[in-house]
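Sequence lines, in order, name chains A and B. Residues in the first sequence are numbered consecutively from 1, following full-length UniProt numbering. Residues in the second sequence are numbered consecutively from 1, following full-length UniProt numbering. Even for Gly, the Cβ is constructed at its ideal location relative to N, Cα and C. This structure is a prediction, so every number in the text was calculated from the model and none was measured.
Protein chains: 2
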Amino acid sequence: MTGGTGRLGRRRLLGAASLAGGGLVAGAAGAQAVGATRAESGRWTGRSIPFDGEHQAGILAPPAAHGRFTAFDLEPKAGRAEVTALLKAWTDAARRLTAGAPVPGDAPTGYGPASLTVTVGFGASLLRRIGAPVPAELEPLPAFPRDAIDPRRSDGDLGVLVTADDAFVVAHALRVLAAAGRGTARPRWQMTGFSTADGTGATPRNLMGQPDGSGNPRPDDPGFGRKVFAAGPAWMRGGSYLVFRRIRMLLDDWERLPRHRREQIIGRRADTGAPLSGGTESTAPDLRKQNPDGSLAIAASAHVRQSSPLSNSGATLLRKGLSYFDGYRPDGAPDAGLLFIAFQADPRDGFTRVQQRLARADDLSRFVRHESSALFAVPHGCRPGRYLGQDLMEGR
Amino acid sequence: MTGGTGRLGRRRLLGAASLAGGGLVAGAAGAQAVGATRAESGRWTGRSIPFDGEHQAGILAPPAAHGRFTAFDLEPKAGRAEVTALLKAWTDAARRLTAGAPVPGDAPTGYGPASLTVTVGFGASLLRRIGAPVPAELEPLPAFPRDAIDPRRSDGDLGVLVTADDAFVVAHALRVLAAAGRGTARPRWQMTGFSTADGTGATPRNLMGQPDGSGNPRPDDPGFGRKVFAAGPAWMRGGSYLVFRRIRMLLDDWERLPRHRREQIIGRRADTGAPLSGGTESTAPDLRKQNPDGSLAIAASAHVRQSSPLSNSGATLLRKGLSYFDGYRPDGAPDAGLLFIAFQADPRDGFTRVQQRLARADDLSRFVRHESSALFAVPHGCRPGRYLGQDLMEGR
């Protein structure tokens, strides 16, 4: 993947090195870099994904290189009027930031929006606070076997997913949103995830080394809209339910396994992501295929089989996971894994159904721990001039 | 910064959206993104900075979009032989990873090296462990006024700075290094930083909104080499001393200040980074310039004045700071700020001299807290076939 560097490339490289000036010291290590520079390619940080649309933009946007998930709790005195003002303020800020426009009172960064998305969801506790009916889809997720949930890093009145292809842009947007919410909502917890900046369209890998999202449904799949987007009430029509799980990976154990064992546990090849039943990454796994010795090509307890819609009455999740790596735990193990984020029309037919199977029968579950959990109702997207959740706040 | 999207761009955008398929749903918000895509520009993730060279590559490399600083402690039983084996293993892994070559036993990510650098330093405690003399430059940093240092997140036998333009590449490299060190060194603490992916060569901004590094020395400045690189002993000739400080920013207080007050405290404009004495970002601050009313253009206690080499007997630091944002503290304040990383020939004439002044007299010091601290001797770079620190291990 290392391309050549022509005369122009070298010159631009020196420009990019203005702080450290790597190219100016004869023989310095920094001077001989080869391949395209960020300066040559940096235009993509100017890319903008429109905020307004039928669905909130974070649901169908391409995988982003960075994301933060933040849960906010309402201040004790905040009621319907304050929540309405908050949603208006967040909508205005998000609409500006995603377009690369300045936010009044904010010191602009000078960076482009870098495909920024801001997706807002409501916890059941917010609906109760404003006296709105709580949809059955928003009933608390059940406890699953092996769960190790930390309640301080779970749930929340509001859940906000901010993604972009630039980590600074994500951090800056969160500061703007937190400032806009001050007095009405305060951050309850925040988690930071990343993927790769390698925007080739390949499925991003997770920290286990595996492409993560190979089996994701595609919008042209039959029933995609019905399985991912809610039908009602009016404020949720075109919305979706977001399940968040912080899933720590026991990487020290995982990395000690030989590659063939890791592939058996997943049910896919580590290099290409192709199912062990053959084909390429995009080939549907053949759960009945047998090896020459009569054994199943995809083992009975493999993750691909246990999580398949075929094993779960058609249950379908649109996953938007991000890796996290928050340093090391007191026992020396990496505090790292997956910020699992999945959208679905009804979690009872989606995440809950799949996870009830995985927690019992999936070989992979011995190498992960679910450490936090949250569920939010993500209302439909905005038309210009309206604000997120306006139908809810107006009783529709 | 939002460019148009031609026919090819649109098609590639759909390719990049394969996971979520944003472009395939008529009217979906994700479909109308404009501007260059990462897929069009992703070549820079293939860029490679050579590991071998006179200096370790992280010192003079251009500012990276991502970095992790990790301190390792030696296992109790590790002595000179084990440290030698560790340095050989780390050198081999770093040399391969920075070139985008596979590491034996590792599952490759398929991503390019993305300008990966791996820079290794030795704490005084490592030198004592192997019975080597401790250079006077490595004597512990003094305590400074206002310090709030957490010893559990300070110091360490080894300090490793890993930077790249891809967050996943950084995380993966750290996993490889940790695995290669297992049994000899264990992570003591790790901190994760970011800058921007906007590789235009502009000085990256910090979370206070200010370009950070405007006054950095440049390799063509008189005396640069003498001020940044150590003269000896042999294992340090061409090496440098690395000061690490985690500097939390009191962002809630900072953001409540009006812009003109923030600019007075820094001594530079927030938008352009130009000194308040006039000119552009690269203009040297004129510390004697007066406003029409006779007041100093750059106030007596402004950060630019207090940190200037003119105020500190010429003290010069090569700074490579990264922002961090680790969520929120129990009191609701953002746990965010700067991972301050500075290279110099002698910390006593560099960081220590400057910080003794800043902690007392710099207006900015009221808006920051130094929460962790470390000092490492970064040996000179490698020639091919040799390993990092070889001169030290061979008694030179």
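With a threshold of 8 Å, are at least 3 pairs of Cβ atoms found where one atom belongs to the stretch 97 to 109 of chain A and the other to the stretch 353 to 363 of chain A? no
Taking only runs of the alpha helix (DSSP H) that begin and end inside the stretch 157 to 201 of chain A, which ones reach a length of at least 4 residues, in chain order? 167 to 181
Indicate the three-state DSSP secondary structure (helix, strand or coil) for E255/A in the structure shown. helix
Residues that Q290/A bridges to, as DSSP identifies them: L296/A
For chain B, check one thing: does any of its Cβ atoms lie closer than 9 Å to the Cβ of P204/A? yes
G121/B in three-state terms, based on DSSP: strand
In the DSSP output, what is V243/B paired with across the bridge? A342/B, L375/B
Hey, how far is the Cα of A28/B from the Cα of D198/B? Reliability of the predicted coordinates at A28/B is poor, the pLDDT of 32 falling under 50, and the value obtained from them is presented with this limitation in mind. C-alpha separation (whole angstroms): 27 Å.
Are at least three pairs of beta-carbons, each pair with one atom in the stretch 215 to 225 of chain A and one in the stretch 337 to 344 of chain A, less than 8 Å apart? no
As assigned by DSSP and simplified to three states, the class of A336/A: strand
Looking at C-alpha atoms only, which residue of G395/A, L392/A, C382/A, M393/A is the closest neighbour of T119/A? C382/A
Taking the alpha-carbon positions, what's the L201/B to G105/A distance? According to the sequence shown, residue 201/B is Gly rather than Leu. Roughly 27 Å separates the two Cα atoms.
Nearest by alpha-carbon distance to Y387/B: which of A61/B, S308/B, A89/B, L116/B is it? A89/B
Spatial neighbours of residue 410/B within its chain, please: C-beta separation below 7 Å, excluding the five flanking residues on both sides. With chain B running from 1 to 396 in the structure shown, residue 410/B is simply not present.
Leaving out five residues before and five after G385/B in sequence, what residues of the same chain have Cβ atoms less than 6 Å from its Cβ? none
Determine contact between the stretch 69 to 77 of chain B and the stretch 158 to 171 of chain B, defined as no fewer than three beta-carbon pairs at a distance below 8 Å. yes
Using DSSP's beta-bridge definition, name the partner residues of G67/A. T163/A, G193/A
So the beta strand (DSSP E) G213/B belongs to, where does it begin and stop? From DSSP, G213/B is part of no beta strand (DSSP E); its letter is neither H nor E.
Closer than 7 Å at the beta carbon, the chain B residues around D166/A: T196, A197, D198
So which residues on chain B does E82/A lean against when the C-beta distance must stay under 7 Å? Residues of chain B passing the Cβ test: none, with the nearest at roughly 17 Å.
What three-state label does DSSP hand R152/B in the structure shown? helix
For the putative contact between residue 400/B and A114/B, defined by C-beta atoms under 8 Å, what is the C-beta separation to the nearest angstrom? In this structure chain B extends from 1 to 396, so residue 400/B is not present and cannot be described.
Using a C-beta cutoff of 9 Å, does T74/A count as contacting chain B? The sequence given here has Leu at residue 74/A, not Thr. L74/A does not count as touching chain B.
Can you tell me the Cα-Cα spacing of S277/A and G294/A, whole angstroms? 13 Å
Which one of Y111/A, A297/A, D253/A, D150/A has the shortest CA to CA distance from V368/A? D253/A
Would you verify that the beta carbon of E255/A is, or is not, closer than 9 Å to some beta carbon of chain B? yes
What number of angstroms, rounded off, separates the C-alpha of G327/B from the C-alpha of R396/B? 45 Å
Does the CB of V189/B have a neighbour CB from chain A at under 9 Å? What sits at residue 189/B in the sequence shown is Trp, not Val. It does; some Cβ of chain A falls within 9 Å.
Could you compute how far the alpha carbon of A377/A sits from the alpha carbon of L86/B? 50 Å
Close-in-space but distant-in-sequence residues of the same chain around G209/A (CB under 7 Å, 5 per side omitted): A270
Kindly indicate the opening and closing residues of the alpha helix (DSSP H) around G58/B. 57 to 60
Under the criterion of a Cβ to heavy atom distance below 8 Å, does D286/B qualify as lining the ligand FAD? Looking for the ligand FAD in the displayed structure turns up nothing, as the structure carries no ligands at all.
Neighbourhood of A61/B by C-beta distance below 6 Å, restricted to the same chain and skipping five residues each side: I49, T117
Just to make sure I have the definition right: I need the residues of chain B whose C-beta is within less than 9 Å of the C-beta of A179/A. Which are they? D252, E255
Residue burial classification, T184/A (beta-carbon count within 10 angstroms, cutoff 16): buried
Kindly indicate if chain A contains any beta-carbon less than 9 Å away from that of L207/B. yes
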